[in-house]
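Residue numbers (our numbering): 122 to 617.
Glycine included, every Cβ here is placed at the ideal spot set by N, Cα and C.
Written below as structure tokens is the structure these notes are about.
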Amino acid sequence: MTDLHQLDVSALAAMLAARQVSSVEVTQHLLARARAHEGLGAYLALDEAVSLAQARAADARLAQGERAPLLGVPLAHKDVLVTKDFPTTAGSKMLQGYRSPFDATVVARLAAAGAVTLGKLNCDEFAMGSGNDNSAYGPARNPWDTTRVPGGSSGGSAVAVAARLVPAATGTDTGGSIRQPASFTGITGIKPTYGRCSRYGLIAYASSLDQAGPMARSARDCALLLSVMAGPDPDRDSTSLDRPAEDYTRGLDDPLPGATPQRPLEGLRIGLPREFFGAGCADDVLAPIRAALAECERLGAVLVDIALPRTELAIPAYYIIAPAEASSNLSRFDGVKFGHRAQDYTDLLDMYKKSRSEGFGPEVQRRILIGTYVLSHGYYDAYYLKAQQIRRLIAQDFQAAFQHCDVIAGPVAPTVAWAIGEKTADPVAAYLADIYTLPASLAGLPGMSVPVGFGRGGMPVGLQLIGNYFQEARLLGVAHHYQRVTDWHTRAPAAV
Numbered sequence: 122m123t124d125l126h127q128l129d130v131s132a133l134a135a136m137l138a139a140r141q142v143s144s145v146e147v148t149q150h151l152l153a154r155a156r157a158h159e160g161l162g163a164y165l166a167l168d169e170a171v172s173l174a175q176a177r178a179a180d181a182r183l184a185q186g187e188r189a190p191l192l193g194v195p196l197a198h199k200d201v202l203v204t205k206d207f208p209t210t211a212g213s214k215m216l217q218g219y220r221s222p223f224d225a226t227v228v229a230r231l232a233a234a235g236a237v238t239l240g241k242l243n244c245d246e247f248a249m250g251s252g253n254d255n256s257a258y259g260p261a262r263n264p265w266d267t268t269r270v271p272g273g274s275s276g277g278s279a280v281a282v283a284a285r286l287v288p289a290a291t292g293t294d295t296g297g298s299i300r301q302p303a304s305f306t307g308i309t310g311i312k313p314t315y316g317r318c319s320r321y322g323l324i325a326y327a328s329s330l331d332q333a334g335p336m337a338r339s340a341r342d343c344a345l346l347l348s349v350m351a352g353p354d355p356d357r358d359s360t361s362l363d364r365p366a367e368d369y370t371r372g373l374d375d376p377l378p379g380a381t382p383q384r385p386l387e388g389l390r391i392g393l394p395r396e397f398f399g400a401g402c403a404d405d406v407l408a409p410i411r412a413a414l415a416e417c418e419r420l421g422a423v424l425v426d427i428a429l430p431r432t433e434l435a436i437p438a439y440y441i442i443a444p445a446e447a448s449s450n451l452s453r454f455d456g457v458k459f460g461h462r463a464q465d466y467t468d469l470l471d472m473y474k475k476s477r478s479e480g481f482g483p484e485v486q487r488r489i490l491i492g493t494y495v496l497s498h499g500y501y502d503a504y505y506l507k508a509q510q511i512r513r514l515i516a517q518d519f520q521a522a523f524q525h526c527d528v529i530a531g532p533v534a535p536t537v538a539w540a541i542g543e544k545t546a547d548p549v550a551a552y553l554a555d556i557y558t559l560p561a562s563l564a565g566l567p568g569m570s571v572p573v574g575f576g577r578g579g580m581p582v583g584l585q586l587i588g589n590y591f592q593e594a595r596l597l598g599v600a601h602h603y604q605r606v607t608d609w610h611t612r613a614p615a616a617v
């Protein structure tokens, strides 16, 4: 079949279960597409032998009558999730060629469910970036316009799904790194509540913020993946939540309680933060956002004005807390036990300096320096402690807002995707692009991006949905009902 790449996770799973196609056939087809579209920069590692061996194992399970939603379906993983069968570099020269002796928990859970790993996907170095142009191995390119960024740091994952190189992929979100690239490339992505998915095997950037999640074409496909990825991991991740895994696909088609099939969102209160709809957001982004909200009203939802008054403090708070944690986490990369080691050095201190200077790129070095500074003696209370106090106030703002609404909605980013390299010389401009995603990350809340149209230059725009803690099923349900009556999530770039 020549159009297997056009099938999403749900369609592929149904065909595999019905034995209309084999996992080996699908895997071979998608590997060929990955090679044909190398110019997009989506993949950092492929291994045909490994992928086909996994596909053959999945076909054997299917032949024995086993059925599971992801059995035999090819996926790919962001390169900050360690994998024993593929190299893991975190998009950095520091880890070039590194092979982990184990799989990350979310990778292992997807493998146990029968998913086939196609390869590892490009990302900003150590997940630090908003455009995927901080990767040491070159930028990933937005398939809607290859001169533009796909968003970051999960840019490779977004490109692979949008370009139909893979039906779904894993991503990670520290300050918006699933939601923003999903918005920029016209796909669906969800960041679950902090702790829903185990961080074991996720190369740490900021430990109190990092969270893995799925990126796919639809809310239904995200629900399929999240049902497998989520769940407690008490023996290996002390921050994983002691809450049982859920089947997020159960009841996905059902109207909300008291609603009707014609108006499935009847009674849902969607909060619109006035801080998300001000002059800082471009008109070509706001227009499709407002059209999507009008569609939600037609489905029965009620729009409610709310306030998140400390939104503007999210950027300074985040860019103190995250670099501080990065400074601590990345101190392990010193050239001693693993990772890059400089060839020429005079003593141990010289080896440390040269190994880290050569192995880390400029953005990673910048954040390490910031983080080290704010944690240093005399500055901890003035910066880091104050940022944590603001973080708590931001979380309280959300809880106050949820007294008046069930879901919060707004833009994911203030603009559509920008040109590759446009913000390289001005990192603060790139940081400002995270203004709408950072608050939910600091609060540990679940959030997702849903494609709702196109802005200037024909570039995709995503609607951000934010829920209260553990409300992933509600977010997925709202997105699914919207996607049942719209087709934005089915649009593909003309070039692919």
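Spatial distance of residue i from residue j (CA atoms)
i, j, result
"R285", "L239", "13 Å"
"M336", "Q510", "32 Å"
"N255", "G482", "8 Å"
"I442", "L192", "39 Å"
"S172", "V147", "11 Å"
"I541", "Q185", "48 Å"
"R419", "R364", "35 Å"
"D206", "V145", "18 Å"
"R262", "G588", "30 Å"
"M249", "H601", "30 Å"
"A138", "R188", "6 Å"
"S339", "G499", "49 Å"
"L202", "A351", "15 Å"
"A234", "G401", "43 Å"
Bridge partner(s) assigned by DSSP for residue i
i, result
"F575", "P581"
"S570", "G310 and Q585"
"Y590", "Note: Y590 sits in no beta bridge, so no partner."
"A445", "A445 pairs with nothing; no bridge assigned."
"L202", "L323"
"T291", "P335"
"A229", "A229 pairs with nothing; no bridge assigned."
"A166", "K241"
"A540", "R269"
Boundaries of the beta strand (DSSP E) in which residue i is found, first to last residue
i, result
"I299", "Element bounds for I299: n/a, residue is neither H nor E."
"V485", "No beta strand (DSSP E) holds V485; the alpha helix (DSSP H) holding it covers P483 to L496."
"T238", "V237 to L242"
"H198", "P195 to K199"
"V528", "V528 to P532"
"Q510", "Unbroken run through Q510 is the alpha helix (DSSP H), K507 to A522; no beta strand (DSSP E)."
"L393", "R390 to P394"
"G334", "Q332 to A337"
Reference residue i, options the options, closest by Cα
i, options, result
"G583", "H610, L566 and Y369", "H610"
"L362", "L434, Y321 and G574", "Y321"
"G456", "S478, A438, I324 and C526", "S478"
"A438", "L553, H498 and P355", "L553"
"D518", "Y500, A561 and I491", "A561"
"G259", "S213, V282 and A290", "S213"
"T226", "P355, D294, L133 and A281", "P355"
"A435", "G399, F591, Y590 and Y557", "Y557"
"L347", "D224, A415, Q592 and A616", "Q592"
"Y315", "A135, G334, E446 and A594", "G334"
"H150", "L125, D468, G492 and A447", "L125"
"A516", "R431, T381, L469 and G598", "R431"
"P222", "T204, A236 and A211", "T204"
"F397", "T209, P614 and A530", "A530"
"A615", "M580, Y590 and L596", "M580"
Residue interval of the alpha helix (DSSP H) (run including residue i)
i, result
"H150", "S144 to A157"
"D404", "D404 to R419"
"V425", "Careful: V425 lies outside any alpha helix (DSSP H), inside the beta strand (DSSP E) at V423 to I427."
"Q175", "E169 to A184"
"R477", "L469 to G480"
"V282", "G276 to A283"
"D342", "A340 to M350"
Beta carbon proximity, residue i to chain C, threshold 8 Å
i, result
"V282", "Protein chains in the displayed structure number just one, and chain C is not present."
Worksheet item: Are the region 151 to 170 and the region 242 to 250 touching by the rule of at least three beta carbon pairs closer than 8 Å?
Response: yes
Worksheet item: At a cut of 8 Å, does the region 501 to 517 reach the region 355 to 370 through at least three beta carbon pairs?
Response: no
Worksheet item: Would the region 596 to 606 and the region 373 to 388 be scored as touching if the rule is three or more Cβ pairs under 8 Å?
Response: yes
Worksheet item: Counting Cβ pairs closer than 8 Å, one from the region 289 to 307 and one from the region 261 to 273, do we hit at least three?
Response: yes
Worksheet item: Should the region 575 to 582 be regarded as contacting the region 397 to 413, the criterion being three or more beta carbon pairs within less than 8 Å?
Response: yes
Worksheet item: Are the region 454 to 468 and the region 427 to 438 in contact at 8 Å, needing three or more beta carbon pairs?
Response: no
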